[in-house]
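In my numbering, the protein residues as written are 583 to 722.
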Amino acid sequence: IIHSAVEFIDGSIMAQMGTPDMRLPIQYALYYPKRKDLSGERIDFFKLAKLDFEKPDNETFPALELAYKVGKAGGSLPTVFNAANEIAVEKFLNGKIRYLEIVELITSAIEAHSIIPNPTVSQILEIEEKTHEYINCFVK
């Protein structure tokens with residue numbers, strides 16, 4: 583339901599909420615600040631009634647803790663994380679690696695990368711390509 587949330591310096595939180603379907607947050611990211619119509623199910627808060635939250639289990643989901651660290655580090659590191667994740671998940675779905683190897687590959691790509699504090703768009707695209715190549719060197 584909650585796809586993302588941002589806490590501001592005053593303590594208020596703004597959340598991006600929608601049905602459990604990644605099309606909405608992806609569309610939001612692609613067209614921001616504009617909004618496009620998206621057909622499909624809508625949230626009915628009266629049916630939903632409540633939201634439950636639990637503390638993340640970093641042992642079960644080690645990529646989540648890694649994502650927080652990468653986000654805090656900033657610069658070009660989130661690009662590496664995302665690109666490595668894309669390829670590692672693809673390799674897993676194609677039966678090339680085991681599930682637990684996803685995080686291992688992402689971590690390896692992050693450790694091999696030298697952070698660029700404020701990357702340009704062309705640098706981001708180059709980093710993405712190089713990260714894909716890096717992962718593909720380990721897994722064919």
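We put the CB at the ideal spot given by N, CA and C, even for glycine.
Computed from a predicted structure; not experimentally measured.
Under 7 Å between C-beta atoms of L687 and A670: For the purposes of this step, residue 687 is taken as residue 105 along the sequence shown, with counting starting at 1. For the purposes of this step, residue 670 is taken as residue 88 along the sequence shown, with counting starting at 1. The answer is yes: Cβ separation under 7 Å.
Do three or more CB pairs link the region 649–665 to the region 695–702 at distances below 8 Å? yes
Please name the residue, chosen from S704, V721, I583, that lies closest to E623 on a Cα-to-Cα basis. In the sequence shown, the residue the question calls residue 623 occupies position 41. Minimum Cα distance to E623 is reached at I583.
Ignore the nearest five residues each way along the sequence and tell me which others in I709's own chain have a CB closer than 8 Å to its CB. As a first step, residue 709 must be located in the sequence shown, where it is residue number 127. S658, T661, V662, A665, H695, I698, P701.
Collapsed DSSP secondary structure at S621 in the structure displayed: On the sequence shown, position 39 is the one that residue 621 refers to. In the displayed model, S621 falls within coil according to three-state DSSP, outside both helix and strand.
Hey, A645 and V685: beta-carbon distance below 7 Å or not? By one-based count along the sequence shown, residue 645 stands at place 63. By one-based count along the sequence shown, residue 685 stands at place 103. It is a contact, given that the beta carbons lie within the stated cut-off.
Can you tell me the Cα-Cα spacing of A597 and D639, whole angstroms? Position 15 of the sequence shown holds residue 597. Position 57 of the sequence shown holds residue 639. Answer to the nearest angstrom: the Cα atoms are 21 Å apart.
Rounded to whole angstroms, what's the CA-CA distance from Q705 to K629? Just pull it up for me. Along the sequence shown, read from residue 1 onward, the residue named residue 705 stands at position 123. Along the sequence shown, read from residue 1 onward, the residue named residue 629 stands at position 47. Each residue's Cα considered, the two are about 46 Å apart.
Residue of I591, I608, S594 minimising C-alpha distance to H585: Taking the sequence shown and counting its residues from 1, one reaches residue 585 at position 3. Out of I591, I608, S594, I608 has the C-alpha closest to the C-alpha of H585.
Under the rule that 16 or more other beta-carbon atoms within 10 Å means buried, what is I595, buried or exposed? Taking the sequence shown and counting its residues from 1, one reaches residue 595 at position 13. Result: exposed.
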